[in-house]
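Residue numbers (our numbering), protein chains in the order written: chain A, 53 to 391; chain B, 41 to 407.
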């Protein structure tokens, strides 16, 4: 086990894959600077800076994956992936199906998601609900360094199309890139979940399979289900709720597609009360999907969701009120406990 | 929302044909003072998130906007402060917005990347390249509803590599729209040198789409004014779109706190960190061929030296320095005095109303 930061752990997974397989390459905006250790290890032919041309370099990832490479295409923010949406919804996710399973697309799109650090409504989205809606797409978002490293290794080794989402609040690489040590007048430590930003990573690294949720805390009265930074907000809320006598469990989905339907249904049945905490939009996404799977599984559970319901505002107080903060989770949990 | 800060400042210059160096200097000085106030406020923690300053672009922003009236449209990029101030946006309302106050010009919803004001017909978008097609849309509407008006797209040279920007060039030419693309060449795509990721020549690229082209040096506002004037005039007359290519410098980097600027400003500490990181990268773990490792490390070192060359020692290319030389000394001092007083007061008010961002708490409360 080695202690690693979240971004460092992702690059550890990527680096292990690059060391083992010369067909693994990465490209994206500013990747040589942001991942300078990979550049120093593997040289400029395998770590490529792109122009600001998301549509071209993401589609190019699909083509390269069809012709023998295992590319990890990095899109700085998932919001910018919208400029390359066709590569995701019309190509990467579909070509294996179009080929009748004869031509897999071993492409990883690595994109940063999420907010809490005041970057406005066009730089803080997660969009994982929309990504997960498209058949032929695997979507993962790790909440801790060990999952980050193992899911990245699993994503690269997987023969299909994977969108690997990296939460910016946990990523020391991104927070440093945004200004980091050049000012000490803004302090995110109150917002930053310590257990997500840094943790033990196993060596040697093993790939983590998709669709396997992880129970982060067990409980019998209430199940909080989340992914990414939401998992840590849930753990904080669960500690408070349990002190209040509501025995609260926390499930970290890790994969948004495929969903671990058995884990969700089992925990919901065990607790009878479910709050889905989703940093994505409330409509057409993960929280509604979980309600549907519970209904289909015939699990009777009281259900609430804490998700993003508006364009994310810029001003910090407005932004944090719009995101699934701990107070909102506590309110939903307490309300269900009275039912 | 058009609020003159001091006497004698009129933001609408549409009717004026001859270049007015005093007006240009006043506009540029006001932009510079607002930008400097925001850069300082960022470092002091009053501006949360990112801030992309337009320091170095004042000659472009003033030289283009002096041709416009509120009836023309502006599609802005992530460096929208300059054009908005040049058009007469209230500096206090703008600063409050950038500092994340609900009293800001966009009620705290926007931040600096999405500043917008329907009265000034100007809106920013933080998605690189989108100002092109947005300006094309404004131009379609203006052509139909208000012939004689023009739409301006402000964008960087890096944005010219976005598919939607090239599609916008084509659409503008195919439909002969009253739009002028103002391409500000600061030579950097975020923190990647544009020369490394750009094929061909951008002026030739624009010309090949059928756009009328003109070029100017951004440190010479009179040159920008003249070049922009030609393209805007012909667009207003219905003779088709234009592409204005202007060189400039980006001494503050991509955004405040730019990692490469940190290296250039504090080379000893920052380079030591960098070398340690690179060494960790190459040692201990399985890696590629030594040749590739050497090439990888040299690439980072070369990028830092290139930035050092580009971003430091550019004082002689400061657009304000040149613009100041074109006007009488007492006039320059009068402008500096009145603008500094007004912007200084606005900045102090904005800080007082906002409060610092020294700590965030997860429940949404600021401590």
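Every residue gets a Cβ at the ideal spot worked out from N, C-alpha and C, and that includes glycine. Since we're looking at a predicted model, the values are computed, not measured.
Query: Three-way DSSP call (helix, strand, coil) for residue 283 of chain B in this model; Result: strand
Query: When A:339, A:65 and A:76 are compared against residue 100 of chain A, the one with the closest alpha-carbon; Result: A:76
Query: Outcome for residue 204 of chain A when other beta-carbon atoms lying within 10 angstroms are tallied against a minimum of 16; Result: buried
Query: Per-residue burial, residue 402 of chain A [other beta carbons within 10 Å of its own, 16 or more giving buried]; Result: The question about residue 402 of chain A has no answer, for chain A in this structure spans 53 to 391.
Query: C-alpha distance - residue 221 of chain A paired with residue 307 of chain A, whole-angstrom precision; Result: 19 Å
Query: Limits of the unbroken beta strand (DSSP E) element including residue 61 of chain B; Result: Segment 61-83 is the alpha helix (DSSP H) holding residue 61 of chain B; no beta strand (DSSP E) there.
Query: Spatial distance of residue 218 of chain B from residue 135 of chain A (CA atoms); Result: 25 Å
Query: Min CB distance residue 401 of chain B to chain A below 7 Å; Result: Confidence is the limiting factor: at residue 401 of chain B the pLDDT is only 44, short of 50, which leaves the residue's position unreliable and the question unanswerable from this model.
Query: Same chain, Cβ closer than 7 Å to residue 312 of chain A, neighbours up to 5 away in sequence not counted; Result: 263, 264, 265 and 305
Query: Euclidean distance between Cα positions of residue 255 of chain B and residue 374 of chain B; Result: 32 Å
Query: Chain B contact residues for residue 81 of chain A, given Cβ-Cβ distances below 8 Å; Result: 229, 230 and 232
Query: For residue 371 of chain A, the first and last residue of its enclosing alpha helix (DSSP H); Result: 368-374
Query: For residue 360 of chain A: DSSP bridge partner residues; Result: A:333
Query: C-beta contact flag for residue 394 of chain B and residue 141 of chain B at 7 Å; Result: yes
Query: Contacts around residue 111 of chain B, its chain only, beta-carbon distance under 6 Å, and the 5 residues preceding and following it disregarded; Result: 189
Query: Three-way DSSP call (helix, strand, coil) for residue 193 of chain A in this model; Result: coil
Query: Pick from A:356, A:330 and A:216 that is closest to residue 167 of chain A, judged by C-alpha positions; Result: A:330
Query: Nearest to residue 271 of chain A (by Cα), restricted to the options A:291, A:260, A:261 and A:284; Result: A:291
Query: Residue of B:228, B:247 and B:230 minimising C-alpha distance to residue 212 of chain B; Result: B:247
Query: Cβ-Cβ separation, residue 264 of chain B to residue 95 of chain B (assumed contact under 8 Å), whole Å; Result: Not quite, the Cβ-Cβ distance comes to about 16 Å (not below 8 Å), so this is no contact.
Query: Runs of beta strand (DSSP E) wholly within the region 237-297 of chain B (minimum 3 residues, chain order); Result: 252-257 and 282-287
Query: Simplified DSSP assignment, three categories, for residue 230 of chain B; Result: coil
Query: Closer than 7 Å to chain A by CB, residue 95 of chain B; Result: no
Query: Residue 127 of chain A beta carbon near the ligand SAM (any heavy atom closer than 6 Å); Result: Of the ligands one can find in the structure shown there are none, so the ligand SAM has no counterpart to examine.
Query: Minimum Cβ-Cβ distance from residue 241 of chain B to chain A less than 7 Å; Result: no
Query: Three-way DSSP call (helix, strand, coil) for residue 363 of chain B in this model; Result: helix
Query: 7 Å CB neighbourhood of residue 205 of chain B in its chain, flanking five on each side removed; Result: 169, 172, 195 and 199
Query: is_contact[residue 170 of chain A, chain B] using C-beta, thresh 7 Å; Result: yes
Query: Distance, residue 179 of chain A Cα to residue 238 of chain A Cα; Result: 27 Å
Query: Start-end ranges of the alpha helix (DSSP H) lying completely within the region 108-135 of chain A, minimum 4 residues; Result: 130-133
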